[in-house]
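Chains as they are written, first to last, in this note's numbering: chain A, 32 to 140; chain B, 16 to 131. Ideal Cβ placement from N, Cα and C applies to all residues, glycine included. What follows is a single structure, written as structure tokens, with notes after it.
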Amino acid sequence: AQRVTQPEKLLSVFKGAPVELKCNYSYSGSPELFWYVQYSRQRLQLLLRHISRESIKGFTADLNKGETSFHLKKPFAQEEDSAMYYCALYNTNAGKSTFGDGTTLTVKP
Amino acid sequence: EPEVTQTPSHQVTQMGQEVILRCVPISNHLYFYWYRQILGQKVEFLVSFYNNEISEKSEIFDDQFSVERPDGSNFTLKIRSTKLEDSAMYFCATSLPPRPSLYEQYFGPGTRLTVT
Numbered sequence: 032a033q034r035v036t037q038p039e040k041l042l043s044v045f046k047g048a049p050v051e052l053k054c055n056y057s058y059s060g061s062p063e064l065f066w067y068v069q070y071s072r073q074r075l076q077l078l079l080r081h082i083s084r085e086s087i088k089g090f091t092a093d094l095n096k097g098e099t100s101f102h103l104k105k106p107f108a109q110e111e112d113s114a115m116y117y118c119a120l121y122n123t124n125a126g127k128s129t130f131g132d133g134t135t136l137t138v139k140p
Numbered sequence: 016e017p018e019v020t021q022t023p024s025h026q027v028t029q030m031g032q033e034v035i036l037r038c039v040p041i042s043n044h045l046y047f048y049w050y051r052q053i054l055g056q057k058v059e060f061l062v063s064f065y066n067n068e069i070s071e072k073s074e075i076f077d078d079q080f081s082v083e084r085p086d087g088s089n090f091t092l093k094i095r096s097t098k099l100e101d102s103a104m105y106f107c108a109t110s111l112p113p114r115p116s117l118y119e120q121y122f123g124p125g126t127r128l129t130v131t
């Protein structure tokens, strides 16, 4: 069974501080992992995917297969980063995504 | 930029009634998904759909639920006899044929279903 765990429901940091949103997964195959973001009153949108190793809006995430983690990091948080963040695992064989519970990030001025 | 659209944005229905939620995918997308999010809870996968048939469904997607693409454009989710616990936000998502390096699901804005 595939599972995604985001241990922090709420995370609050000050502007300019580093932020790390944790994500751990459980999956027997080779995982496809993603971070989605949902800003207030907006739709879910893809933030980044582990395959492309990209940095979006200053966020990065590294897949650590040994620790089965895909933590999202940003060195200097901005107020506009305040949103709900979801880690998701995609099973390419089954065409099914499993989302974590989400972490609400608040960046205080 | 093309977007997934969903109608209605909010649907109120009485328990036991049938509802149909509609989604218009991005035009060249071939994979379709429905998710739901009960208030205060996480996004849950319901079903994926490709080539006019269900690819995968979750345990939530029981006989009360059905999906179809009736006219080749709209993608619908039908709940045959709604229950109070069906109250949730329902999201449609679509994607090109999923290849690991390019896979991305585009989400619609959601339909809020309230069952009274």
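When you compare only the Cα positions, how much space is there between residue i and residue j?
i      : j      : result
B/E68  : B/D86  : 14 Å
B/S70  : A/K105 : 36 Å
B/I134 : A/G97  : Nothing can be reported for residue 134 of chain B: it is not among the residues displayed for chain B, which extend from 16 to 131.
A/S128 : B/Q32  : 29 Å
B/M30  : B/F90  : 23 Å
A/E51  : A/Y116 : 11 Å
B/S24  : A/E63  : 31 Å
Given that a residue counts as buried once 16 or more other Cβ atoms are within 10 Å of its Cβ, and exposed if not, what is residue i?
i      : result
B/S116 : In this predicted model, B/S116 has a pLDDT of only 41, less than 50, meaning its place in the structure is not dependable enough to derive any value.
B/I53  : exposed
B/Y46  : buried
B/Q56  : exposed
B/V130 : buried
Could you check where the beta strand (DSSP E) with residue i kicks off and where it finishes?
i      : result
B/I69  : E68 to K72
B/E83  : F80 to E83
A/T123 : Segment: none, A/T123 is in no beta strand (DSSP E) and carries neither H nor E.
A/T84  : Residue identity differs from the one stated: residue 84 of chain A is Arg in this sequence, not Thr. Element bounds for A/R84: n/a, residue is neither H nor E.
Starting from the beta carbon of residue i, find every residue of chain A whose beta carbon is closer than 9 Å, and list them in chain order.
i     : result
B/F90 : What B/F90 touches in chain A: nothing, since even the nearest Cβ is about 14 Å away.
Run through chain A and tell me which residues come within less than 7 Å of residue i, C-beta to C-beta.
i     : result
B/F47 : Simply none; closest approach about 10 Å.
>> Along the region 114-133 of chain A, where does the CB come closer than 7 Å to a CB of chain B? Name the residues.
In response: Y117, Y121, T123, A125, G126, K127, S128, T129, F130, G131, D132 and G133
>> Residues of the region 75-88 of chain A in Cβ contact with chain B at a cutoff of 8 Å, in chain order, please.
In response: L75, Q76, L77, R80, I82 and S83
>> Closer than 8 Å between beta carbons: that is the criterion. Which residues of the region 51-63 of chain B meet it against chain A?
In response: Q56, K57, V58, E59, F60 and S63
> Taking Cβ-Cβ distances below 8 Å as the criterion, which residues of the region 62-84 of chain B are in contact with chain A?
Replying inline: S63, Y65, S70, E71 and S73
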